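S.K.: Structure incoming, see below.
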Amino acid sequence: MTDKMAEPLLEVSGLTKSYRKEGNLIEVLRSAQFSVGDGEMISITGQSGAGKSTLLHLIGTLDLPDAGSIRYRGVELTELSSAQLADFRNRELGFVFQFHHLLSEFSALENVMMPSLIRRLAPAEAESRAQELLAEVGLSDRVNHKPGELSGGEQQRVALARALVMKPQLLLADEVTGNLDEGTGNEIHELLFEINRSRGTTLIVVTHNRTLAEMMPRQLVVAEGGVHEQERAS
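Under my numbering, the first residue of the sequence shown carries the number 1, and numbering increases by one thereafter.
Written as structure tokens, this is what we have:
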């Protein structure tokens, strides 16, 4: 019983990924290894091209590794079929990217409802969840606005609400404040922390923002193909 409780939410080991570019083999990750506990908040930093986004995409099963293991609650994700992975992503993961990828012809409410409708939740339940989340991210008065009628920060809040509508345990965020001014970016940062506090959602955030990275209880650095724990300043 104790061992089961101590099991990590996510366990990555021996993760290796290479790409071919202009005939050359570029090794991005080489035997990367780390684990993530339930409810943790972790930042991932590193130089441009180090493999941060590649790592996030592998964790999120948007791409497959060349070698290595990705275990989620003890289940080996690299052995699942495409259909099983799609179901896993819809059930367990939330994604937020630098570019919000909202559907321009739909309102904020309809955009947030979309994942739950795909999951075939009853429309009334899907709408209720979306309304609640839009209120939670401070957009209860903007539910009927389309993305083009919202500011960059508001669009990112809608994207965040959409990522949370299926109540995922793990939220993966890739440079979510990269296109925002400092003040708006700080508001999004605080929102991420509040989501972790109120929902217990595990957060893995790729960021160039040193302030955000240092606010996270754990910092991982991608460098030279590996993933290294950043020592906390005493």
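C-beta atoms are modelled at their ideal positions from N, C-alpha and C, and glycine is treated no differently. Remember, it's a predicted structure, so these values are computed and weren't measured experimentally.
Does the beta-carbon of Val112 have 16 or more other beta-carbons within 10 angstroms, so that it is buried, or is it exposed?
M.R.: When all chains shown are included, Val112 counts as buried.
S.K.: Taking only the alpha-carbon atoms, compute the straight-line gap between Glu76 and Ser69 and give it to the nearest angstrom.
M.R.: 7 Å
S.K.: From which residue to which residue does the alpha helix (DSSP H) around Asn90 run?
M.R.: Ser82 to Glu92
S.K.: Taking Glu7 as the reference, which of Gly49, Glu154 and Gly37 has the closest Cα?
M.R.: Gly37
S.K.: Hey, Leu29 and Leu15: beta-carbon distance below 7 Å or not?
M.R.: yes
S.K.: Have a look at Asp66, Asp174 and Asn90 and flag the residue whose alpha-carbon is nearest the alpha-carbon of Ser18.
M.R.: Asp66
S.K.: Compute the Euclidean distance between the alpha carbons of Ala163 and Glu154, then round it to the nearest angstrom.
M.R.: 14 Å
S.K.: Do the CB positions of Gly60 and Leu172 come within less than 7 Å of each other?
M.R.: yes
S.K.: Taking Thr207 as part of the alpha helix (DSSP H), name the residues at either end of that continuous run.
M.R.: Taken as a continuous stretch (DSSP letters only), Thr207 belongs to no alpha helix (DSSP H), as it is neither H nor E.
S.K.: Look at the alpha carbon of Ser234 and the alpha carbon of Gly226, and state the distance between them as a whole number of angstroms.
M.R.: Its pLDDT being 48, under 50, Ser234 is placed unreliably by the model, and the measurement read from it follows with that caveat. Distance between the alpha carbons of Ser234 and Gly226 is about 24 Å.
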